[in-house]
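Below you can see the structure in the form of structure tokens.
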């Protein structure tokens, strides 16, 4: 659990990192149902992890609410020599399905905070526009 401040409001984030592990499959479907936002993360140095994004998004569409906010994040952007998924490829995919995209590096903290703030902002804006 993590809290962030945005526009003078404190927002509590409950974060689940399943790392794509099969043992979390049954848990995740129940957490999707109550989620306001889901950050789908893949490894830019692992083509298979990017290929799995479509499956994760399909599960989100199946189990989460229709208006759940989604963001696609490519992690390990610091490992430029090992990159196999280009920024352009992932950005084009995210644009095609209409979700925001950014790359991060958890190792050097590049854009990590921005990913959480982008999600928080998107959820806040969506909820503010609901009657």
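Numbering (full-length UniProt numbering), first residue to last: 1 to 131. Glycine included, each C-beta is placed from N, C-alpha and C at the ideal position.
Status (buried if at least 16 other CB within 10 Å, exposed otherwise) for residue i
i           : result
residue 119 : buried
residue 51  : exposed
residue 129 : exposed
residue 89  : exposed
residue 74  : buried
Residue span of the beta strand (DSSP E) that contains residue i, given as start and end
i           : result
residue 112 : Here residue 112 belongs to no beta strand (DSSP E); instead the alpha helix (DSSP H) covers 112-128.
residue 3   : 2-6
residue 102 : 101-103
Where residue i sits in the DSSP three-state scheme
i          : result
residue 74 : strand
residue 54 : helix
residue 39 : strand
residue 67 : coil
residue 80 : helix
Inter-residue Cα distance where the pair is residue i and residue j
i           : j           : result
residue 101 : residue 1   : 23 Å
residue 97  : residue 10  : 30 Å
residue 92  : residue 62  : 23 Å
residue 65  : residue 86  : 30 Å
residue 68  : residue 60  : 9 Å
residue 107 : residue 37  : 24 Å
residue 105 : residue 124 : 25 Å
Alpha helix (DSSP H) segment containing residue i, residue limits
i          : result
residue 12 : First-last for residue 12: 9-13, but that is the beta strand (DSSP E), not the alpha helix (DSSP H).
residue 91 : 87-97
Counting Cβ pairs closer than 8 Å, one from the segment 36-50 and one from the segment 75-94, do we hit at least three? Between the segment 36-50 and the segment 75-94, the count of Cβ pairs shorter than 8 Å is three or higher; the stretches touch.
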